[in-house]
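Reviewing the structure listed below.
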Amino acid sequence: MILVTGATGRLGGAVLQTLLQRTAAQHIAALVRDETKAVAWQAQGVSIRVGSYNDLASLDRAMQGVEKVLLISGGGEEDGLQQHYNVIDAANKAGVSCLAYTSRALRDPATLVNQLMVRHFQTEAYIQASGLPHIIFRNILYMDTLPLFTGPTVLETGINLPGGQGKVAYALRSEMGEAIAKVLLADTCDNRIYHFTGAEAYSFHDLAAALTELSGRQVAYTDVESSVLADRMRGRGVPEVAIERTIGFMTDIKHGQEDVVSTDLATVLGRQPTSLIEGVKQLYKL
Numbered sequence: 349m350i351l352v353t354g355a356t357g358r359l360g361g362a363v364l365q366t367l368l369q370r371t372a373a374q375h376i377a378a379l380v381r382d383e384t385k386a387v388a389w390q391a392q393g394v395s396i397r398v399g400s401y402n403d404l405a406s407l408d409r410a411m412q413g414v415e416k417v418l419l420i421s422g423g424g425e426e427d428g429l430q431q432h433y434n435v436i437d438a439a440n441k442a443g444v445s446c447l448a449y450t451s452r453a454l455r456d457p458a459t460l461v462n463q464l465m466v467r468h469f470q471t472e473a474y475i476q477a478s479g480l481p482h483i484i485f486r487n488i489l490y491m492d493t494l495p496l497f498t499g500p501t502v503l504e505t506g507i508n509l510p511g512g513q514g515k516v517a518y519a520l521r522s523e524m525g526e527a528i529a530k531v532l533l534a535d536t537c538d539n540r541i542y543h544f545t546g547a548e549a550y551s552f553h554d555l556a557a558a559l560t561e562l563s564g565r566q567v568a569y570t571d572v573e574s575s576v577l578a579d580r581m582r583g584r585g586v587p588e589v590a591i592e593r594t595i596g597f598m599t600d601i602k603h604g605q606e607d608v609v610s611t612d613l614a615t616v617l618g619r620q621p622t623s624l625i626e627g628v629k630q631l632y633k634l
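Numbers in our numbering are just positions in the sequence shown, counted from 1, shifted up by 348.
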């Protein structure tokens, strides 16, 4: 039995989709906070376990009969790190044979500006200290976030972000989910760290060129100051914590934190990950 946490999120959904294609539903369980959001999975035979990372008793119940657990990292809650620890402790208590975790592919955790990302490496350390057999998936920034970063009027206004010449080896969330599922279905749990990235790292200049090619309209990238982006976001009523994190992402991109390139994703998928030009075509509907 494989238990997928965060099962109603997009990454969890992508993992479940591939699992259902490759193994019987009776071997799959899903941890969800809201059972009504998991009706479709339940209809396909997935065992639904209701609970949350904060509810220790629910975690104990969710682990019953489970051999492998996929801990999908939580959101930005202040106690997010403790939530991760709770799942790891519950898995250890239940004697699961393998714990997998979705971490982040970043070049140097010690110099990160976006402090939210640091908890991934703290979680990794806790897993390693737990003694549990484990697998760590260090995932690059989702290509799916690009429309959020550029905004809906990018073809008219261009890309105006403080990313400098930094590059990111973007990969699609769906392909990461597919690869994670394939690894979970393998018999091995050998404490390996996978780096799931695209085959090439791209700058915002590269993104602008792809948008120009696909739309037939001239799209330029302008490297603006962080304060310009922050003021623009405040003008749209974006909360300060979200502004701070977005600036953190951009600063880390500028400093080369996200330009890690690995062949792990291509190897597990059995094909090259989706390129920037193909991904942009899908994501921007061009």
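No residue lacks a Cβ here, since even glycine has one placed at the ideal position from N, Cα and C.
Alpha-carbon spacing of residue i relative to residue j, whole angstroms
{"i": "T611", "j": "H543", "result": "8 Å"}
{"i": "V444", "j": "Q412", "result": "9 Å"}
{"i": "N508", "j": "S575", "result": "12 Å"}
{"i": "R593", "j": "F497", "result": "12 Å"}
{"i": "Y632", "j": "H482", "result": "37 Å"}
{"i": "V597", "j": "Q431", "result": "Here the sequence assigns Phe to residue 597, which means Val is not the residue at that position. Cα-Cα distance, rounded: 23 Å."}
{"i": "S478", "j": "N539", "result": "12 Å"}
{"i": "L559", "j": "I541", "result": "34 Å"}
{"i": "I528", "j": "A448", "result": "9 Å"}
{"i": "Q365", "j": "M491", "result": "19 Å"}
{"i": "L419", "j": "T615", "result": "22 Å"}
{"i": "S623", "j": "K515", "result": "14 Å"}
{"i": "I488", "j": "V608", "result": "8 Å"}
{"i": "I376", "j": "T353", "result": "11 Å"}
{"i": "D456", "j": "R582", "result": "30 Å"}
{"i": "E588", "j": "Q476", "result": "34 Å"}
{"i": "R584", "j": "T570", "result": "20 Å"}
{"i": "I625", "j": "A362", "result": "22 Å"}
{"i": "I595", "j": "L577", "result": "8 Å"}
{"i": "L480", "j": "C446", "result": "7 Å"}
Environment of residue i [buried if 16+ CB atoms lie within 10 Å]
{"i": "K385", "result": "exposed"}
{"i": "Q374", "result": "exposed"}
{"i": "V414", "result": "buried"}
{"i": "Q605", "result": "buried"}
{"i": "V502", "result": "buried"}
{"i": "R397", "result": "buried"}
{"i": "A405", "result": "exposed"}
{"i": "G422", "result": "buried"}
{"i": "R467", "result": "buried"}
{"i": "A458", "result": "exposed"}
{"i": "R619", "result": "exposed"}
{"i": "G564", "result": "exposed"}
Beta-carbon spacing of residue i, residue j below 7 Å
{"i": "G546", "j": "K602", "result": "no"}
{"i": "L351", "j": "V417", "result": "yes"}
{"i": "T599", "j": "V461", "result": "yes"}
{"i": "G499", "j": "V567", "result": "no"}
{"i": "D408", "j": "A438", "result": "yes"}
{"i": "L429", "j": "G399", "result": "no"}
{"i": "S451", "j": "E426", "result": "no"}
{"i": "Y474", "j": "Y433", "result": "yes"}
{"i": "V572", "j": "P510", "result": "yes"}
{"i": "L613", "j": "A519", "result": "yes"}
{"i": "Q392", "j": "L367", "result": "no"}
{"i": "P621", "j": "E526", "result": "no"}
{"i": "L634", "j": "L555", "result": "no"}
{"i": "L454", "j": "G424", "result": "no"}
{"i": "L359", "j": "R521", "result": "yes"}
Residue i, DSSP secondary structure in three states
{"i": "T384", "result": "helix"}
{"i": "N379", "result": "A quick correction: the sequence has Leu, not Asn, at residue 379. L379: strand per DSSP, three-state reduction."}
{"i": "K629", "result": "helix"}
{"i": "T356", "result": "coil"}
{"i": "L367", "result": "helix"}
{"i": "L351", "result": "strand"}
{"i": "T611", "result": "coil"}
{"i": "T599", "result": "helix"}
{"i": "R486", "result": "strand"}
{"i": "T622", "result": "coil"}
Beta carbon proximity, residue i to chain C, threshold 7 Å
{"i": "S575", "result": "Here there is only one protein chain, and chain C is not present."}
- Message: At 3 residues or longer, what runs of the beta strand (DSSP E) sit wholly inside the region 489-567?
- Response: 507-509 and 541-544
- Complete runs of the beta strand (DSSP E) confined to the region 382-470 [at least 3 residues]: 395-398, 416-419 and 446-452
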